[in-house]
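Each remark here refers to the structure printed beneath this line.
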Amino acid sequence: MLISFLIWLQNLEPFTELRSSGYVYPVVLALHVTAISLFGAMIVATDLRLLGWALRDGSIADVVDWLRWPKRIGFLLAATCGFLLFSSKAEEYYYNPFFRIKILLFTLVAVHAMVFRKSVYGSPAELDLGAQPPARAKLAAGLSLFLWLAILCAGRAIGYVAGRPGMHFK
Amino acid sequence: MLIENPLSTSPSSFPILECFHIAGFALSIGMTALVDFRLLGFGLQKQPPAQIARAFDWWMFGGLIVAVFSGLLLFSTDPDMYYLNWFFLIKMVCLVLAIVFNYTIHRRAVTPGLSPAAGRAVAFVSLALWVSVIFGGIFIAVIRPGLT
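Quick look at the structure:
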C-alpha cells in the first residue's frame, strides 16, 4: 500500500525529471543545505539563550519571540527541498535505514515540541523571572540540540547506503 | 602508495568528518546570516546589529574552525580530485573572499552610525558569498575528475 504509493510518487513526471537531471538535483540539494544552515543556527541561537550561554544581555522572551517565525520559515524551506529529494527516489529512501532513523527522530522532535510548548516555548516571559533560566528550559534546549544534531548525522548517512537493485524507476 | 592516509582505511571516517563539517559551517554561516538579516531590517529590533554580532562572534568563529579543519581532513583523502575540480576551486575563492569580507567590511558594517543602505549592501554581499560557498561545496560531487 505505502510502497505502491511511493513508486507512483517517484514516477510522477517532475520527480523522474529531477532524478535524471544533471544540475537541478544538486541545486535542490544545495538549497536544502542552505536552509539547514539558516534553520540550524536559529535552533542553536534559541537553545544557547535558553541554556544561558549566549545573548545574555537580551531577555529569553526577546530571542524566542524573534526566532519563532524565522525558524518556521527556515524549516519549511528545508522540508520542501527535502521532500523533493525524497520524492525523486521515494522507494529507495523507504528501505534506507538512516532515512527511517531520521523519520523516527522527526517524530521525537514533534513529541519534544508538544511536551515543551506550554512550559517553555509558549511562555518565554516566565523564563526571564529568575537570575538563571529554569531547569525545564535548559532540558528543552539540551534535548533540542541533541535531536537536531542526530537528524543532521542521519541525513548525511542516507547518502552512504548503496542503492538497491530492483527499484521501480521509470 | 608509500604512505596510506589513515582516513582512507576506514569507510566511516569520511561521513563522520562530513557531519562535523556540516555542523560547523551551518553554525558559522547561519549565525552570520542572522546578523545579515538584522542589517537588512529583519529580526531582533530591540538589539542593534553590533550586539547580535558580538553575541554570536565566538560561536561563529568556533563553527568556522571546525568546518575548516574537518574540510582540510576531507581534502586530504583525495587531494588531486579536489585540485582538478572546478567547483572546488570556485568554492575556495568564495570561501577566502567570504572570510576576509567577514572580518573586515562586515565587522565594520555592524558598528553604530553606519547608514542603513550601506548595511543592507554589506548584508547582501555577505549572504551571496556564503551561499556560494555552500553551492560550490555541493557541486564538487557533480564532477569527478581524476589524474590520467
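In order, the protein sequences belong to chains B and L.
The opening residue of the first sequence carries number 2 in the working numbering; numbering runs sequentially from there.
The opening residue of the second sequence carries number -5 in the working numbering; numbering runs sequentially from there.
A virtual CB, placed ideally from N, CA and C, is assigned to each residue, including glycine.
Neighbourhood of residue i by C-beta, 7 angstroms cutoff - its chain only, sequence neighbours within 5 removed
| i | result |
| --- | --- |
| F99 of chain B | A155, A158, I159 and V162 |
| L67 of chain L | L1 and L11 |
| S120 of chain B | R137 |
| S15 of chain L | Sequence check: residue 15 of chain L is His here, not Ser. Closer than 7 angstroms at Cβ, skipping near neighbours: A61, S64, G65 and L68. |
| S126 of chain L | C88 |
| F95 of chain L | V119, S120 and L123 |
Partners in chain B for residue i, counting only beta-carbon separations shorter than 9 angstroms
| i | result |
| --- | --- |
| P9 of chain L | C154, R157, A158, G160 and Y161 |
| K85 of chain L | Correct list: empty, because the minimum Cβ distance to chain B is about 11 angstroms. |
| L28 of chain L | L39, A42, M43, A46, L68 and P71 |
| W80 of chain L | Those do not exist, as W80 of chain L stays about 13 angstroms from chain B at its closest Cβ, beyond 9 angstroms. |
Interface partners of residue i on chain B, CB under 7 angstroms
| i | result |
| --- | --- |
| I23 of chain L | S38 |
| A20 of chain L | I37, S38, G41 and A42 |
Beta-carbon contacts of residue i that lie in its chain and below 8 angstroms, excluding the five residues immediately before and after
| i | result |
| --- | --- |
| L109 of chain B | L148 |
| L106 of chain B | L148, A151, I152 and A155 |
| Y153 of chain L | Outside the displayed range of chain L (-5 to 142) lies residue 153 of chain L, so it cannot be described from this structure. |
| V29 of chain B | L19, C82, L85 and L86 |
| M75 of chain L | R138, P139 and G140 |
The ligand NAD heavy atom lying under 8 angstroms from the CB of residue i
| i | result |
| --- | --- |
| Y26 of chain B | Only the bare structure without any ligand can be found here, which leaves the ligand NAD out of the picture. |
Contact list for residue i against chain L, beta-carbon separation under 9 angstroms
| i | result |
| --- | --- |
| G59 of chain B | L38, K40, Q41, Q45, I46 and A49 |
| L10 of chain B | Within 9 angstroms Cβ-Cβ: nothing; L10 of chain B doesn't reach chain L, min ~24 angstroms. |
Sub-9 angstroms separation of residue i and residue j beta-carbons
| i | j | result |
| --- | --- | --- |
| L56 of chain B | G143 of chain B | no |
| L128 of chain B | V65 of chain B | yes |
| T35 of chain B | F129 of chain L | yes |
| L7 of chain B | A91 of chain B | yes |
| A177 of chain B | I93 of chain L | Only positions 2 to 171 of chain B appear in the structure, and residue 177 of chain B is not among them; the question remains open. |
| E184 of chain B | G23 of chain B | This structure leaves residue 184 of chain B out entirely; chain B is present only between 2 and 171. |
| L146 of chain B | D48 of chain B | yes |
| S38 of chain B | P125 of chain B | no |
| A49 of chain L | D63 of chain B | no |
| N(-1) of chain L | S70 of chain L | yes |
| W54 of chain B | G37 of chain L | no |
Chain L residues whose Cβ lies nearer than 7 angstroms to that of residue i
| i | result |
| --- | --- |
| T35 of chain B | V125 and I128 |
| L56 of chain B | A49 |
| L30 of chain B | I132 |
Neighbour list for residue i in chain C, Cβ cutoff strictly below 9 angstroms
| i | result |
| --- | --- |
| L150 of chain B | The question asks about chain C, but that chain is absent: this structure's protein chains are B and L. |
Same chain only: Cβ atoms within 6 angstroms of residue i, ignoring 5 sequence neighbours per side
| i | result |
| --- | --- |
| F16 of chain B | S88 and S89 |
| V104 of chain L | P43, A44 and A47 |
| A117 of chain L | D30, L33 and L34 |
| A204 of chain B | There is simply no residue 204 of chain B to check, as chain B begins at 2 and stops at 171 in what is shown. |
| L78 of chain B | A36 |
| Y95 of chain B | L7 |
Contact set between residue i and chain B, taken where Cβ atoms lie within less than 8 angstroms
| i | result |
| --- | --- |
| V136 of chain L | G23, Y24 and P27 |
| F95 of chain L | Ordered by position in chain B, no residue passes the 8 angstroms Cβ test against F95 of chain L, which lies about 17 angstroms from the chain. |
Proximal chain L residues relative to residue i, where beta-carbon distance stays under 8 angstroms
| i | result |
| --- | --- |
| D129 of chain B | Here the premise fails: no neighbours, minimum Cβ distance about 13 angstroms. |
Exercise. Does the count of Cβ pairs from the segment 40 to 50 of chain L and the segment 150 to 169 of chain B closer than 8 angstroms reach three?
Worked result: As far as the Cβ criterion goes, the segment 40 to 50 of chain L does not touch the segment 150 to 169 of chain B, which means the pair count is below three.
Exercise. Taking the runs of the alpha helix (DSSP H) that are 4 residues or longer, which of them lie wholly in the segment 4 to 60 of chain L?
Worked result: Taking only runs of at least 4 residues, the alpha helix (DSSP H) segments lying wholly in the segment 4 to 60 of chain L are 7 to 33.
Exercise. With contact counted as at least three CB pairs below 8 angstroms, one residue from each stretch, are the segment 10 to 22 of chain L and the segment 65 to 82 of chain B in contact?
Worked result: A contact is defined here as three or more CB-CB pairs under 8 angstroms, and the segment 10 to 22 of chain L fails this definition with respect to the segment 65 to 82 of chain B.
Exercise. Are the segment 74 to 82 of chain B and the segment 2 to 18 of chain B touching, with three or more C-beta to C-beta distances below 8 angstroms?
Worked result: The segment 74 to 82 of chain B is not in contact with the segment 2 to 18 of chain B.
Problem set entry | Minimum length 4: unbroken alpha helix (DSSP H) runs contained in the segment 110 to 141 of chain L | Fully enclosed alpha helix (DSSP H) runs of 4 or longer: 110 to 133.
Exercise. Taking one C-beta from the segment 23 to 31 of chain L and one from the segment 30 to 49 of chain B each time, how about it: are there three or more such pairs within less than 8 angstroms?
Worked result: Touching, per the Cβ criterion.
For this session: Identify every run of the alpha helix (DSSP H) within the segment 29 to 91 of chain B, keeping only runs that are complete inside it and at least 4 residues long; order them along the chain.
Result: Under the rule that a run must span 4 or more residues, the alpha helix (DSSP H) segments found entirely inside the segment 29 to 91 of chain B read 61 to 89.
For this session: Please determine if the segment 133 to 142 of chain L and the segment 71 to 84 of chain L are in contact, where contact requires at least 3 C-beta pairs separated by less than 8 angstroms.
Result: Three or more pairs of CB atoms, one per stretch, sit closer than 8 angstroms, so the segment 133 to 142 of chain L contacts the segment 71 to 84 of chain L.
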